[in-house]
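Below is one structure; the comments refer to it alone.
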Amino acid sequence: MISSSRLIARRRAIAATGVAAALALTLGACGSSSDSSSTPGMDHGSKSSVPSPSSASPSMGDMPGMDHMASGNSLSDSQDGYRLTAEDTTLPSGKQTAYRFTVTGPDGKRVTDFAVDQTKRMHFYAIRSDLTGFQHVHPTMGADGTWSADLSILAPGSWRMFASFTPNTGTGKGDDFVLSRTVTVPGNAAKTPLPAPATSTQADGYTVTVKGEPMAGMAHPLTASIAKDGKPVTDLEPYLDTYAHLTAFHEGDAAFAHLHPTTKVTGDNGGPDLSFHAELPTSGNWRLFLQFQTGGKLHTAALTLRVG
């Protein structure tokens, strides 16, 4: 009887263990299927592929894996301890002016050592809130670390000033930063409607055609072809260590994106097709500004690109 009782107890214990294991598997399956965001490795993909407009806020830089996207939006004056500082909150209209600013590092000191990127230590962009009045200049730095960007006439309205740089020392050495601040130009600020999305545009007698279907938050190739009088242009001169420079700004918030060229400079003449690496963080309309040089003259072509 003693051995029989022990055998019955052992069988009951085995059965109970099997029921508990089955119940655990069932509950685990229900938990994983109720919300796809709880699946390991899916959070980052779902959030970064189509970021919301709020991704432009500085707090997004604190999220793992979002540093690159934050620098792409560039709607903050600070990132990773680096800060863009300027005293001017207004600039005059109707005349050329200079915008002066400094870049400070995590230690609070002014940064004076910058790496060369596309032949320049600092790229500076000014864009009006309605995405008109685009300017791309290369400031000069004084001995005290103060930069001065000489700007052409600014139309009244709200403008955003972008500083693009790469520290050559410090904790951010080798990292690309694009920081920005806004200024107001007093006067009657009449808003210009954004032109409808198009695949081609005209500039100084040149026709620029853009091919590609970029998707928000994903890397896609983009090709720009340049023609004149119906013939492909093959006399593009090197400009900033490439044959064309392409910048984009997002409608509504003026978020910034630099589309990196992938066509290498192989001589004094290039064209007609130029390739770019396009990674635009948000969907909507983006205003593209393509800059290229022929005969020593710089041309700027602009068109609206729809990003899905």
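For the sequence shown, counting from 1, position 230 maps to 489 in the numbering used here; every step adds exactly one.
Positions of the beta carbon are idealized from the N, C-alpha and C atoms, including for glycine.
Are the CB atoms of residue i and residue j nearer to each other than 7 Å?
i, j, result
"Arg369", "Gly404", "yes"
"Val396", "Gly416", "no"
"Pro473", "Thr501", "no"
"Ala374", "Thr425", "yes"
"Thr493", "Asn528", "yes"
"Pro491", "Pro531", "yes"
"Ala537", "Arg419", "no"
"Ala516", "Ala507", "yes"
"Lys450", "Gly464", "no"
"Ala402", "Phe383", "no"
What is the DSSP secondary structure of residue i, reduced to helix, strand or coil?
i, result
"Asn528", "coil"
"Asn332", "helix"
"Pro454", "coil"
"Val492", "coil"
"Ala337", "Correcting the residue type first, residue 337 is Ser in the shown sequence and not Ala. Three-state result, Ser337: strand."
"His397", "coil"
"Ala385", "strand"
"Ser542", "coil"
"Ala416", "Per the sequence presented here, residue 416 reads as Gly, with Ala not at that position. If DSSP states are grouped into helix, strand and coil, Gly416 belongs with the strands."
"Tyr498", "strand"
"Val362", "strand"
"Lys368", "coil"
"Thr344", "strand"
"Leu282", "A caution first: Leu282 carries a pLDDT of 32, below 50, which makes its placement in the model too unreliable to give a value."
"Val375", "coil"
Drop a sphere of 10 angstroms on the beta-carbon of residue i, count the other beta-carbons inside from all chains shown, and report buried for 16 or more, exposed for fewer.
i, result
"Gln550", "buried"
"Ile412", "exposed"
"Leu505", "buried"
"Gly353", "exposed"
"Ala357", "exposed"
"Glu346", "exposed"
"Asn447", "exposed"
"Gly385", "A quick correction: the sequence has Ala, not Gly, at residue 385. It is buried - the Cβ of Ala385 has at least 16 other Cβ atoms within 10 Å."
"Gln355", "exposed"
"Thr361", "buried"
"Thr541", "buried"
"Pro398", "buried"
"Leu539", "buried"
"Leu557", "exposed"
For residue i and residue j, what's the separation of their Cα atoms in angstroms?
i, j, result
"Val469", "Asp366", "43 Å"
"Val566", "Met477", "11 Å"
"Thr458", "Val467", "8 Å"
"Trp240", "Gly489", "Any question about residue 240 goes unanswered here, given that the chain covers just 260 to 567."
"Phe421", "Val437", "6 Å"
"Gly433", "Asn427", "6 Å"
"Tyr498", "Gln552", "6 Å"
"Lys523", "Phe548", "20 Å"
"Thr391", "Thr460", "15 Å"
"Thr349", "Val442", "5 Å"
"Gly511", "Leu453", "10 Å"
"Leu568", "Thr563", "Any answer about residue 568 is impossible in this case: the structure gives the chain only from 260 up to 567."
"Ser439", "Gly526", "35 Å"
"Ala483", "Ala462", "13 Å"
"Phe535", "Ala455", "22 Å"
"Glu555", "Leu343", "The sequence given here has Gly at residue 555, not Glu. So the alpha carbons of these two residues sit roughly 33 Å apart."
"Ile485", "Leu533", "8 Å"
"Gly543", "Ser335", "20 Å"
"Ser333", "Gly364", "17 Å"
"Gly471", "Trp545", "13 Å"
"Asp568", "Asp372", "This structure cannot settle anything about residue 568, because the visible part of the chain is limited to 260 through 567."
"Pro317", "Glu496", "Its pLDDT being 33, under 50, Pro317 is placed unreliably in this model, and the value from its coordinates should be taken loosely. The alpha-carbon atoms of Pro317 and Glu496 are separated by roughly 38 Å."
Who are residue i's beta bridge partners in DSSP?
i, result
"Leu547", "Ala507 and Leu562"
"Ser439", "Phe421"
"Ile485", "Val467"
"Thr380", "The sequence shown places Arg at residue 380, not Thr. Arg380 is not bridged to any residue."
"Leu410", "Thr356"
"Pro520", "Phe535"
"Leu557", "Gln552"
Cβ of residue i versus every heavy atom of the ligand SAM: is any distance shorter than 6 Å?
i, result
"Phe373", "This structure does not include the ligand SAM; it has no bound ligands of any sort."
Could you tell me whether the Cβ of residue i comes closer than 7 Å to any Cβ of chain B?
i, result
"His536", "No chain B is part of this structure, which consists of one protein chain only."
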